[in-house]
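Undergrad: Chains as they are written, first to last, in our numbering: chain G, 75 to 163; chain W, 31 to 163. I have a structure here, written as structure tokens, and I will follow up with some questions on it.
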């Protein structure tokens, strides 16, 4: 199991479209993937679970993955956050 | 395979589907039927009958906007082993249905999950945040 601290850079935070992209990406990996924020832990493969975090720009969350492709999953998801979910130029 | 139709007063269903398509960035495979305020509902019934007839061999979920409303009432006659109606559908419920969140389980189980997610989507936010804190 590996973890990574990840800051949210996009202005709108983990809103609906970002959550959809994130869950879609997470579903491409076999590893169990979670987001942890303010003592809440949600399945990164669940769009609606991600929305319940109500995480905003500037917040720091923890990405957690466990499974055969955990490293690749954390890398890809971290990249998506770093790219601001491809929402901003 | 599970097929779906949304049947609502006016264009509510079409708008819900369009918003869900924007969020999920994909075209959704769902039939949209609008209850024409001016009519007597016969067009809506014909459309729904035709849709159900085309779904032989498939399970069908009918989403309606409000329990007790005309779209919901005309839908209940189709309830059976292969057809279920979920009334009061909202965006969280619709997203749950179309999300690849969870593997497709049994029909009944899937319908319950969508119902639960739609209900979970209604919150007095101050209370919800209070509970979280």
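In this text, a Cβ means the ideal position worked out from N, Cα and C, and glycines have one as well.
Rounded to whole angstroms, what is the Cα-Cα separation between residue 86 of chain G and residue 121 of chain G?
TA: Here residue 86 of chain G refers to the residue found at position 12 when the first chain is read from its first residue. Here residue 121 of chain G refers to the residue found at position 47 when the first chain is read from its first residue. In a straight line, the C-alpha of residue 86 of chain G is about 16 Å away from that of residue 121 of chain G.
Undergrad: Take residue 54 of chain W as the anchor and find which of G:94, G:101 and G:99 has the nearest alpha-carbon.
TA: The residue labelled residue 54 of chain W in the question sits at position 24 within the second chain. Answer by Cα proximity: G:94.
Undergrad: Would you call the CB atoms of residue 115 of chain W and residue 71 of chain W closer than 8 Å?
TA: Translated into the one-based positions of the second chain, residue 115 of chain W becomes position 85. Translated into the one-based positions of the second chain, residue 71 of chain W becomes position 41. Cβ distance not < 8 Å, so residue 115 of chain W and residue 71 of chain W don't count as in contact.
Undergrad: Is residue 90 of chain G close to chain W? Criterion is C-beta to C-beta, closer than 8 Å.
TA: Taking the first chain and counting its residues from 1, the one referred to as residue 90 of chain G is at position 16. With 8 Å as the cut-off, residue 90 of chain G counts as an interface residue toward chain W.
Undergrad: Which value, in whole angstroms, describes the spacing of the CA atoms of residue 132 of chain W and residue 141 of chain W?
TA: As a first step, residue 132 of chain W must be located in the second chain, where it is residue number 102. As a first step, residue 141 of chain W must be located in the second chain, where it is residue number 111. Caution is warranted here: a pLDDT of 49 is assigned to residue 132 of chain W, below 50, making its placement in the model unreliable, and the coordinate value is therefore given only provisionally. Spanning the two alpha carbons is a distance of roughly 13 Å.
Undergrad: Hey, out of W:42, W:49, W:34 and W:68, whose CA is closest to residue 59 of chain W's CA?
TA: Within the second chain, numbered from 1, the residue matching residue 59 of chain W stands at position 29. Selected option, being the one with the closest Cα: W:34.
Undergrad: Does residue 52 of chain W pass the burial test, meaning 16 or more other C-beta atoms within 10 Å, or should it be called exposed?
TA: The residue labelled residue 52 of chain W in the question sits at position 22 within the second chain. The residue in question, residue 52 of chain W, is exposed, as its Cβ has fewer than 16 Cβ neighbours within 10 Å.
Undergrad: Have a look at residue 126 of chain G and residue 110 of chain G and give me their C-alpha separation to the nearest angstrom.
TA: As a working note, residue 126 of chain G is residue 52 in the first chain. As a working note, residue 110 of chain G is residue 36 in the first chain. So the two alpha carbons sit approximately 11 Å from each other.
Undergrad: Is it right to say residue 162 of chain W is buried, meaning 16 or more other beta carbons lie within 10 angstroms of its own, or is it exposed?
TA: In the second chain, residue 162 of chain W corresponds to position 132, counting from 1. Residue 162 of chain W comes out exposed.
Undergrad: Whose C-beta lies closer than 8 Å to the C-beta of residue 49 of chain W among residues of the same chain, with five residues either side of it excluded?
TA: Position 19 of the second chain, counted from the first residue, corresponds to residue 49 of chain W. Closer than 8 Å at Cβ, skipping near neighbours: 121.
Undergrad: Going residue by residue through the stretch 50–128 of chain W, where are the continuous alpha helix (DSSP H) segments of at least 4 residues, counting only ones entirely within it?
TA: If we require 4 residues or more, the alpha helix (DSSP H) runs fully inside the stretch 50–128 of chain W come out as 72–84, 100–105 and 121–128.
Undergrad: Hey, could you find the ends of the alpha helix (DSSP H) residue 98 of chain G is sitting in?
TA: Indexing the first chain from 1 puts residue 98 of chain G at position 24. From DSSP, the alpha helix (DSSP H) with residue 98 of chain G extends over 90–100.
Undergrad: Output the distance between the C-alpha atoms of residue 143 of chain W and residue 150 of chain W, rounded to the nearest integer angstrom.
TA: On the second chain, residue 143 of chain W is found 113 positions in, with the first residue counted as 1. On the second chain, residue 150 of chain W is found 120 positions in, with the first residue counted as 1. Approximately 10 Å between the Cα atoms of the pair.
Undergrad: Given that a residue counts as buried once 16 or more other Cβ atoms are within 10 Å of its Cβ, and exposed if not, what is residue 38 of chain W?
TA: Your numbering for residue 38 of chain W matches position 8 in the second chain. Per the 10 Å Cβ criterion, buried.
Undergrad: Suppose the cutoff is 7 Å on Cβ atoms and the five residues either side in sequence are ignored; what does the same chain contact list for residue 104 of chain G look like?
TA: What you label residue 104 of chain G is simply residue 30 of the first chain in a count that begins at 1. Answer for residue 104 of chain G: 141, 142 and 143, listed in chain order.
Undergrad: Less than 8 Å between the CB atoms is what I'm expecting for residue 145 of chain G and residue 83 of chain G, so what's the real figure, rounded?
TA: Here residue 145 of chain G refers to the residue found at position 71 when the first chain is read from its first residue. Here residue 83 of chain G refers to the residue found at position 9 when the first chain is read from its first residue. In fact, because the Cβ distance is near 22 Å, the residues do not count as touching under 8 Å.
Undergrad: Check for me: the alpha helix (DSSP H) holding residue 140 of chain G runs from which residue to which?
TA: The sequence position of residue 140 of chain G within the first chain is 66, counting from 1. Per DSSP, residue 140 of chain G belongs to no alpha helix (DSSP H); it is in the beta strand (DSSP E), 134–140.
Undergrad: Is the distance from the Cβ of residue 43 of chain W to the Cβ of residue 64 of chain W below 8 Å?
TA: What you label residue 43 of chain W is simply residue 13 of the second chain in a count that begins at 1. What you label residue 64 of chain W is simply residue 34 of the second chain in a count that begins at 1. Yes; because the gap between Cβ atoms is below 8 Å, this pair is in contact.
Undergrad: How would you write the range of the alpha helix (DSSP H) that residue 152 of chain W sits in, first residue to last?
TA: Here residue 152 of chain W corresponds to residue number 122 of the second chain, with the count starting at 1. Counting along the chain, residue 152 of chain W falls outside any alpha helix (DSSP H), and DSSP gives it neither H nor E.
Undergrad: Comparing alpha-carbon positions, which option in G:155, G:98 and G:101 lies nearest residue 130 of chain G?
TA: Here residue 130 of chain G refers to the residue found at position 56 of the first chain. The candidate whose alpha carbon is nearest that of residue 130 of chain G is G:155.
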